[in-house]
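Each protein sequence line maps, in turn, to chains A and B.
In case it helps, UniProt numbering puts the first sequence at residues 1 to 264.
In case it helps, UniProt numbering puts the second sequence at residues 1 to 264.
Protein chains: 2
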Amino acid sequence: MVERNKETIQATKTSFEIVHTLQEIGPARLSEIAEELELAESTTHRHLQTLHDIRYVSRDGERYQLGLRFARLGRAAQTCDPAYEMTQRHVEVLAEETGERAQFVVEDHGLGIYLHVETGSQAVRVGFGVGRQIHLHSSSVGKAILAHYPHERVDEILDQWGLPAHAANTITDREALYEELETVRDRGVAFNREEHVDGLNGTAVPVKRDGRAIGALAVAGPSHRLTSEWLDEEVPDMMLAAANELELNATYASDAGSRDHIVE
Amino acid sequence: MVERNKETIQATKTSFEIVHTLQEIGPARLSEIAEELELAESTTHRHLQTLHDIRYVSRDGERYQLGLRFARLGRAAQTCDPAYEMTQRHVEVLAEETGERAQFVVEDHGLGIYLHVETGSQAVRVGFGVGRQIHLHSSSVGKAILAHYPHERVDEILDQWGLPAHAANTITDREALYEELETVRDRGVAFNREEHVDGLNGTAVPVKRDGRAIGALAVAGPSHRLTSEWLDEEVPDMMLAAANELELNATYASDAGSRDHIVE
DNA sequence: GGTATGCGTTCCGCTATGCGGAACTGAAAG
DNA sequence: CTTTCAGTTCCGCATAGCGGAACGCATACC
């Protein structure tokens, strides 16, 4: 390698690569990780030792795994988001009222991240928990958010992540997505008809602040249960009411919000 | 610096130092971080750029903050723990039955980490959320866990973290703690009488597997409400029942547990 | 009980890599 | 128009991180 590598630190990236490997394959031995990442064992060892030192990985005899210290960082990252606290209750209520899975999602680095997930009484228990990432083009929440973003930002995001197909109905054409976003903007509600997972529908409304979306509320469920009337009328009404209340809150509370800073 | 630095990577540590700074002081500007850590601005810049690249920090104009990608890692770390799933329900039930705050805590690197926290109807809402770390010597959960650890491990932990005083009643003498642990082992229940926070009591029972504690269930509340009879008799009974069920589960399910591996 | 195998750790020498200082940019304030 | 300040880029140097090889240390195999 000759050129100066875009002003970025390799060691840090490698350490996080190791963390990702542990996240994906779970508790693993040193040699597995080294092989997976095509690193020398000595190098892998040094990284793991460092991460262990600072308590971000634990080892149980011969297996390494993610340290629970990450739980703290994860929480800190979530509570940093101004929308975190005020949306929690609304998601709970939505889950209860609809009986389906309710969620609140925000955008970060061009992806959607689930901040809250509540499963109603009859909700499907698929693995879309808190912290999960989702492409914005193929989900109701994503479209709700993108519809209220400036054009150039939407382009940036689509450039970065593309429009990969996740299910039969995924919108993979950029122009088609623009049109869809237009519609979403007009209606104030975004739908997902089996665009992300076959058999799964969703409905989302943006939560705005100063005209820009700071996140989106959504309800998701199996397509056979989220039928047209229910989905087109009742659910959106509930969600719009919630979003409305939130928006009042958001602009009202403004920066007076008491960030519950966890000390130490 | 002359000696080879204990076989550990400085760059990774610095990156995490920056992450910690962001965790503590919240959204911050580059210069603040650089000053806080006494790093050159160019160095700080390089680290932040790297962390931004891999989506672990976001920037909002001129302020950097923790990226939400950490939420995913945090969840992954939690669900890695075999006790995570099976204890959730029990904590919920305990919170409901007692009306107080119920918790499940495990040990990692010699500290207690809250895996579940549920606040009952009248529970105090202090900042001890999921992911929070706590010293083992000054909490009911900690004592419950330590009481069922091998002696040498307890020593190691005390060597590493000491016995700092957090409240008026904190046990700061090693011998006194050993005696206390003896008592806990006999009774099967650990108490915390304003040892961690003044005015806050707690009761904990260990959840064991093969004789070793894999975590502890606890109920905590203001000392005026958690009075002697209630605390000494009823609460422990409820918790022991829960722990018992869990232990059967733990040894029964053994390694047959279906780890709900979040794919992608 | 000796040998083989496999995994983890330590050692070592090389150079790429991360470092701080200084120079540059660009915006906001005076 | 100048000054100031925060952030970014440039640059040369020394060190810190790298891979390969050697070393321990088990457990398995014969």
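For each residue, glycine too, the CB sits at the ideal point set by N, CA and C.
All values reported here derive from a predicted model rather than from experimental measurement.
Using a Cβ-Cβ distance cut-off of 8 Å, determine whether residue i contacts chain A.
i	result
Thr12/B	yes
Ser31/B	no
Glu3/B	Interpretation of Glu3/B is limited by its pLDDT of 44, a score under 50 that renders its predicted location unreliable; no figure is taken from the coordinates.
His109/B	yes
Ser258/B	A caution first: Ser258/B carries a pLDDT of 36, below 50, which makes its placement in the model unreliable, though a value can still be read off. No, Ser258/B does not count as interfacial toward chain A.
Ile113/B	yes
Val19/B	yes
Gly61/B	no
Gly26/B	yes
Gln88/B	no
When the cut-off is 8 Å and only beta carbons count, does residue i lie next to chain B?
i	result
Glu7/A	yes
Gln122/A	no
Ser58/A	yes
Leu66/A	yes
Gln160/A	no
Assign residue i to buried or exposed, taking buried as 16 or more other Cβ atoms, counted over all protein chains shown, within 10 Å of its Cβ.
i	result
Ser221/B	In the sequence as presented, Ser is not what sits at residue 221/B; that position holds Gly. It counts as buried.
His224/B	exposed
Pro164/B	exposed
Arg69/A	buried
Gln10/A	exposed
Arg187/A	exposed
Leu51/B	buried
Arg75/B	buried
Leu160/B	As written in the sequence, residue 160/B is Gln, which differs from the Leu given in the question. Counting Cβ neighbours within 10 Å, Gln160/B comes out exposed, since fewer than 16 surround it.
Thr98/B	buried
Pro236/B	buried
Ser138/B	buried
Gly199/B	exposed
Asp210/A	exposed
Ser140/B	buried
Asn244/A	exposed
Gln78/A	buried
residue 281/B	Residue 281/B is absent from the structure shown; chain B starts at 1 and stops at 264.
His196/A	buried
Thr175/B	Looking at the sequence shown, residue 175/B is not Thr but Glu. That one is exposed.
Ala40/B	exposed
Asp108/A	buried
Can you pull the chain A neighbours of residue i, defined as C-beta to C-beta under 7 Å?
i	result
Gly74/B	Phe70, Ala71, Leu73, Gly74, Arg75, Gly131
At a threshold of 7 Å, does residue i count as lining the ligand GTP (C-beta to nearest heavy atom)?
i	result
Leu240/B	The ligand content of the structure shown is nil, which means the ligand GTP is not present either.
Find the residues of chain B that neighbour residue i, judging by a C-beta separation of less than 8 Å, and give them in chain order.
i	result
Phe16/A	Ile54, Tyr56
Val106/A	Leu68
message: I'd like the ranges of any beta strand (DSSP E) spanning at least 3 consecutive residues and lying wholly in the stretch 108-196 of chain A.
response: 111-119, 190-193
message: Residues of the stretch 38-55 of chain A in Cβ contact with chain B at a cutoff of 9 Å, in chain order, please.
response: Of all residues in the stretch 38-55 of chain A, His45, Arg46, His47, Gln49, Thr50, Leu51, His52, Asp53, Ile54, Arg55 have a Cβ within less than 9 Å of some Cβ in chain B.
field: Residues of the stretch 90-104 of chain B with Cβ closer than 8 Å to any Cβ of chain A, in chain order
entry: none
message: Suppose only complete runs of 3+ residues qualify. What are the beta strand (DSSP E) ranges in the stretch 76-108 of chain B, listed by chain order?
response: Listed in chain order, the complete beta strand (DSSP E) runs (minimum 3 residues) inside the stretch 76-108 of chain B are 101-108.
field: Completely contained alpha helix (DSSP H) runs for the stretch 4-41 of chain B, where each covers 4 or more residues
entry: 10-25, 30-37
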